[in-house]
Each structure stands twice: as C-alpha cells, then as structure tokens.
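Single-structure report; data block below.
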Amino acid sequence: MRKPFAVVAGIFAGVMAALWAPGAALAAAPPQVLMYAVNSPGSLADFAARARQIDIIAPQVFVMNAKGQVTGRVPAIIVRLAARDHIKLMPLVTNAGFSLAVMDAVLHSPAAERRMIADLARDGRVGHWWGVQFDFEHIPSRDRARYSRLAAAAERAFHREGLKFSVTIVPRISSNPRAFSAGGWKTWSGVYDYRALGRHTDFVTVMTYSEHSGLTAPGPVSGMPWIRACVRYALRFMPASKVSIGAAFYSTEWRGRPGTPVPHVAAIPAQYQPLHPSPWKARGGGSAWLEALWRHYPGRWDPAQQVYVTIHRGPQATRVIWWSRARSLQALWRLTQREHLAGISAWRLGQEDPNAWRVLPGAGGAGRTASSATGR
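Just so we're aligned, residue 63 is where the sequence shown starts under the numbering used here, counting upward by one.
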C-alpha cells in the first residue's frame, strides 16, 4: 500500500509545484491589451470610441520634478469611461522632460523618493486606480541599484493601497555595454536591471517600438526579428506572465535627397548606433496623416520583418516609409499568445491604423485572419 501512495503523492506534489511555480497561474491568463493615451482630442476620442476593446488604459498625464513632487490629472472622460466599462486605470508618471538631471536628483534624495511614492499612492487610493506605471527614462546607468531599490519601495507602498505596479523598460538583446553606443548604455538602457524590476513589479512594458528612429538609417519601427530577440532576452530574467510587449501604433517616413542609397535592413541591427551626420530626415504622425500617405505610397509586405515598407525614388526626394499596420499588430498579438506573455502595451491611441481594432479581441475582432480583417 505504501508504494502506490508514494507514487500518487509524488504526482500530486509535482502538479502542485507546477501550479505554484513563479508566474504559472498568471501565464495561463489571456493576454491583456494596454493602451497608452495622452491628453489630446484625438487620443481621448479614440478611447471613447474603442473603450470596450481595452483591458488597461494608461494615460500619460503625471509628471515628477526634481523634488519628487507629482503634478497632473487624469482626464474626466477617461475616469468616467473606465468606471463605466470596468477598464483598469493605470496612469503613468514620467520624469519632467524625460530629464536625466531630474532622475539623478530624485534617486539621490530619499525624501524626494518618499514624496513621489506617497503622492501617487494617495492619488491612486482616492481616484480608485487599478495601478501605477513608472515611465522614467534617460536615467544614468550608475543609478541602476538605486532605481531597483526605488521600484521595490514603490511596490511595497502601492500594494499596501491595493494598487498594481508596473514600469516601462528600454528593450535590450544583450547585457554587454559594448553592444551599445556610449550614450545608449550609460544614459538610456543600462540602468534597467531586468531581473530586479521583474521581481519588484506586477509586470513590465518592454518598449520595443523605435527599433529605428530619426537617429538611425531607415528601418522598421518594430520588426518581428527584433521583437522576438527582445522577448527572448526578457524571458531570461522574468516570467512570461510579467512581460508586456510594446506595440507601435505609429509609422515613420524617412526622406533623403534624390539618389540617396537605401540601406539594407539587417535581421537584427546594432543597437543605438546613430548616424552623424545622417543623410535622412525622419518624421511620424497620427492616423489621418498616415492614411493620406498610404493612399499615395502604399507599401509592400516584408515577410522577414512582418511590416509593410514603401521605397519611392522620386525626382524631388527618396522616400522610405516603414508602416505599422494592422497585419503587423496581428503578428505581434499571435506572439503574445504563443509565448503566454502578459500582453501588449500600445503607444498610442490616436496614431493607429484604423483596422488595428479588427485584429484585437473584443468588438468582433477576435479570431480573424490578417487578410480577412484588413485586406492589407
């Protein structure tokens, strides 16, 4: 009798261990759609129109100064619709002007840290928020341990108030500082301790947008090889249930002089290697500008990057446009499902391809293929 009991007990113990493994229970949950918003007419109107397809609304409305003082207010329409439709409200707080000096001052002042955390905890309790997200950027890498301690203190304070806690982190595919430009590591990416921040948050948003930007040669805003590499790196340090992947809702157009050679896009480019001087001028814009541009310069699908691209060599300029369209979003959404990630964090409402909503869950969008949902 003892041997069968030992076998059954062993099986039971194994099942319980699997269920209680870090992140296991959360990993089984469906991915969450987090949408960023700003206090602009287009962004707020978008939220009002699409609220029922959003799990978490994250308005970027609070700012922290060098003394740790937090100012800002959640727009009334967001408060009202979030309550009406049971949407989780998670406001963002940023360092004023994304200033390195502001972050350095706060991280070297325990009083400023306590003031900032206390202000947000109070506002979250009074405002019935679901949580708070830190969107602190341009932090010196020398403050890595200090920033991790700040996250741990914030987690304890927010959890006491029943608030969830999250941070945004700059994407990485390497832990080697030499894989970055000097500024890319020292003042941009190096401060984020993935393991510590994964431990002291309910989830993190890995900002995988801006793979290419106005500081680089033309390329995808977020190509799929880059996104997959960022996910693989993040999963080395934290469970999948804590990883929300950044989704770009904006596109970028680069213009060069007639005849400017268009560079080949590598599978995964070197990180943050700016062009000085660059032969290209880049710009982006909201959905109205993008739709007008798309009608004049429609793109072709790049199966490797899973993004549309337009290359137009005209007499006045050479244009290169990498598009963030609904078909790319669907590829990203499938990745979150396949890897059992926390979900997506989309920057931002008011900039998206209108067809993006047809490939996200809710309001008739779930289960459609990219071709049937968007036709492009």
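C-beta: ideal position from N, C-alpha, C; glycine also.
(message) Looking at the secondary structure, which residues open and close the beta strand (DSSP E) in which M300 lies?
(response) Neither: M300 is in no beta strand (DSSP E) and is coded neither H nor E.
(message) Is it the case that the stretch 243–255 contacts the stretch 268–282, given that we only count it when at least three CB pairs across the two stretches are under 8 Å?
(response) no
(request) Following the continuous beta strand (DSSP E) through H148, name the residue where it begins and the one where it ends. (result) Counting along the chain, H148 falls outside any beta strand (DSSP E), and DSSP gives it neither H nor E.
(message) Threshold first: 3 residues or longer. Then list the beta strand (DSSP E) segments lying entirely within the stretch 85–133, N to C.
(response) For secondary structure counted as the beta strand (DSSP E) over 3 or more consecutive residues, the stretch 85–133 holds these complete runs in sequence order: 94–99 and 118–126.
(message) Can you look up W191 in the DSSP assignment and give me helix, strand or coil?
(response) coil
(message) Are the CB atoms of I149 and I179 within a distance shorter than 7 Å?
(response) It is not a contact, given that the beta carbons lie outside the stated cut-off.
(request) Count the other CB atoms, across all protein chains shown, that sit within 10 Å of the CB of A83; report buried if there are 16 or more and exposed otherwise. (result) Residue placement at A83 cannot be trusted, given a pLDDT of 43 that sits under 50; what the coordinates show is reported in the next sentence. When all chains shown are included, A83 counts as exposed.
(message) Considering just the uninterrupted stretch of the beta strand (DSSP E) at Y370, what are its terminal residues?
(response) V369 to R375
(request) Measure the alpha-carbon distance for E353 versus S284 and round it to whole angstroms. (result) Rounded to the nearest angstrom, the two C-alpha atoms are 19 Å apart.
(request) Given a cut-off of 7 Å, decide if G348 and G412 are closer than it, judged by their beta-carbon atoms. (result) yes
(request) Starting from the C-beta of A87, find all residues in its chain whose C-beta is less than 6 Å away, skip the five residues before and the five after it, and write them out in chain order. (result) At A87, the pLDDT of 41 sits below 50, so the modelled position is not reliable and the matter cannot be decided from this model.
(message) Using 7 Å as the threshold, is the C-beta distance between I373 and E315 below it?
(response) no
(request) Give the DSSP-derived three-state secondary structure of N417 in the structure shown. (result) Helix.
(message) With DSSP as the reference, identify every bridge partner of V229, one or two as the case may be.
(response) F196 and V266
(message) Using a 10 Å radius around the Cβ and a threshold of 16 neighbouring Cβ atoms, would you call G159 buried or exposed?
(response) exposed
(message) Suppose contacts are defined by Cβ-Cβ distances below 7 Å. Is G134 in contact with V123 by that definition?
(response) yes
(request) Tell me, please, which residues DSSP counts as bridged to K441. (result) Given that the chain is displayed from residue 63 to residue 438, the structure contains no residue 441 and the question cannot be resolved.
(request) Work out the CA separation of D117 and P423 for me, nearest whole Å. (result) 10 Å
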